[in-house]
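Chemist: Numbering (this note's numbering), first residue to last: 4 to 219.
Cβ atoms here follow ideal geometry from the backbone N, Cα and C, with glycine treated the same way.
Predicted model only: the values in this text are computed from it and were never measured.
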Amino acid sequence: RMIMFGLYLAKDIPFSTVYLHSMVTDEKGQKMSKSKGNVINPIDIANEFGADSLRIALVAGCAPGNPIALSKEKVKGYRNFGNKLWNVGRFIIMLKEQGIDVAQAGKPAGEDEMLLRKTSALVVKITKDLEKYRFSDAALSTYDFVWNTLANEYLESTKNREDKATVMSTLLQSFVPCLKLLHPFMPFVTEAIWQAFKHENLVQESLLMTAPWPDK
4 RMIMFGLYLA KDIPFSTVYL HSMVTDEKGQ KMSKSKGNVI NPIDIANEFG ADSLRIALVA
64 GCAPGNPIAL SKEKVKGYRN FGNKLWNVGR FIIMLKEQGI DVAQAGKPAG EDEMLLRKTS
124 ALVVKITKDL EKYRFSDAAL STYDFVWNTL ANEYLESTKN REDKATVMST LLQSFVPCLK
184 LLHPFMPFVT EAIWQAFKHE NLVQESLLMT APWPDK
């Protein structure tokens, strides 16, 4: 209908590519039905866990062509991931409030350099995934990198380092691209963190949604 109206009214088609979203089922893979009592109201889920958590839960871990099993536990897990993003952002802002200046950062070495290399590799991978419509792969890879590589490994191992400026610089160079990679999946929390960074002059662009895609 949209293509027919486009041709009729504008003499052009409104789009050339269509991505078909799979059917959303309950956590057991059964079709939602009022008679079964297994219907999940997206408004209730968004009110309880946040719209971002619901959005990424409908994308991550969902193979193309297969039903999308949705449960409160899955959405809750991504709500926890949103909290993880906030914690990383707050840690960086805390360093700034302590007077740490990235201009005084030393040359990345060891674990700093390793994190930056992995970040560059992640940007390349996610860009390719999105270009090929592998949305689930893109969401899962970014989730795994931020939770495990950036937060659990790098951030935790550097909390007691003396060269805070180098740590802060490395975190920014890794976390800011991750916010951009996650923005299509979790637009609200990533934009909120971006605005907090903007207030502290940690980023240049006014809005994350209009910021350029990270360099490969």
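1) What do you get for D18, buried or exposed, if any count of 16 or more other CB atoms within 10 angstroms of its CB means buried?
2) Taking just the CA atoms, how far does F188 sit from L88?
3) Going by DSSP in three states, I43 sits in which element: helix, strand or coil?
4) Quick one: residues in its chain with C-beta nearer than 6 Å to the C-beta of I48, no 5 flanking neighbours on either side, listed in chain order?
5) Mind checking which residues open and close the alpha helix (DSSP H) that includes P190?
6) Please go through the same chain and pick out, in chain order, the residues whose beta-carbon is closer than 6 Å to the beta-carbon of V42, but skip the five residues on each side of it.
7) Output needed for Q101: all residues of its chain with C-beta closer than 8 Å, excluding positions within five of it in sequence on either side, in chain order.
8) Nearest-angstrom Cα distance between V149 and K162?
9) Looking only at its own chain, which residues have a Cβ that is under 6 Å from the Cβ of L153, when we skip the five neighbours before and after it?
10) Find the nearest neighbour of E76 within the set A108, G92, K31, L118, judged by alpha-carbon distance.
11) Please classify P169: does DSSP put it in a helix, a strand, or coil?
12) Give the single residue among N204, C181, T145 whose Cα lies nearest to the Cα of P215.
13) May I have the straight-line CA-CA distance separating R93 from W197, to the nearest angstrom?
14) Can you tell which of D115, S172, D55 has its C-alpha closest to the C-alpha of Q107?
15) Reducing DSSP to helix, strand and coil, say where G28 ends up.
16) Can you grab the Cα-Cα spacing for the pair L211 / T193, in whole Å?
Modeler: Reading it off the structure:
1) The residue you asked about is not Asp; residue 18 is Phe in the sequence shown. F18 is exposed by the Cβ-count criterion.
2) 13 Å
3) Note: I43 maps to coil in three-state DSSP.
4) L57, V78
5) 190–202
6) The answer, listed in chain order, is M35.
7) K167
8) 16 Å
9) S177
10) K31
11) Per the sequence shown, residue 169 should be read as Thr rather than Pro. Here T169 sits in helix by DSSP.
12) C181
13) 11 Å
14) Closest by alpha carbon: S172.
15) Correcting the residue identity first, residue 28 is Thr in this sequence and not Gly. Three-state result, T28: strand.
16) 8 Å
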